[in-house]
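Comments concern the structure below.
In my numbering, the protein residues as written are -19 to 174.
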């Protein structure tokens, strides 16, 4: 009877010792400063977009539009950094999940000597794996959201560039029209003076 209890006691002792080892310190989230910096850039975009320094009234000047475009480009670059950071975090998390899963499988194999302890540990590990898979899916969703945000920013930049091009074309057309009107007015003045 004593010989049967000794392996069970050793197995229980090894499992509790592994459970009491301290977890490695977690790294700070690299997304927080990136997202805060992006928020500041969005505020700079809103400030730049609200400026109106044109000679034609309450319209944005070319310099104002260029400033808006520059800020949008910076936002797109920051979005790219955020997406890259999310990808790296996702890769690290996936590696961590695989390592934890491998460790869990090893622990299950070792614990099979005593079925009651093994079953309890197995269910705990399954729950941990499911929780990790849920977290992984949440991270993938965040990555998809960040990619959608980057796509929206790229589309916003394109629309601003098209607007700037249209305004430049309109200005060129107006200058040409004024030039033609002046050309027609000068022969009429010369005829009146003679």
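For glycine and all other residues, C-beta sits at the position ideal for the given N, C-alpha and C.
query = Within 10 angstroms of its Cβ, does residue 58 collect 16 or more other Cβ (buried), or is it exposed?
reply = buried
key: Residue closest to residue 108, alpha-carbon to alpha-carbon, out of 131, 122 and 82   = 82
query = Alpha carbon to alpha carbon, how far is residue 50 from residue 129?
reply = 18 Å
inquiry  = Please tell me whether residue 112 has its Cβ less than 8 Å away from any Cβ of chain C.
reply    = Annotation note: the requested chain C is absent from the structure, which comprises a single protein chain.
task = State yes or no: is the C-beta of residue 25 within less than 8 Å of the C-beta of residue 52?
result = yes
ask   = Using 8 Å as the threshold, is the region 71 to 88 in touch with the region 102 to 120, meaning 3 or more CB pairs across them?
value = yes
request  = Please state whether DSSP places residue 41 in a helix, a strand or coil.
outcome  = coil
task = Report the three-state DSSP secondary structure of residue 9 (helix, strand or coil).
result = coil
key: Close Cβ partners of residue 54 (< 6 Å) along its chain, the five nearest in sequence each way excluded   = 21
ask   = Are the beta-carbon atoms belonging to residue 175 and residue 41 less than 8 Å from one another?
value = Because the chain spans -19 through 174 in this model, residue 175 falls outside it and cannot be assessed.
query = Hey, would you say residue 66 sits closer than 8 Å to residue 133, going by beta carbons?
reply = no
request  = Please report how far the alpha carbon of residue 11 lies from the alpha carbon of residue 142, in whole angstroms.
outcome  = 32 Å
key: Cα-Cα separation between residue 48 and residue 19, rounded to whole angstroms   = 15 Å
ask   = From residue 61 to residue 152, what distance separates their C-alpha atoms?
value = 38 Å
ask   = According to DSSP, is residue 83 helix, strand or coil?
value = helix
CA-to-CA distance, residue 147 to residue 161, given in whole angstroms = 21 Å
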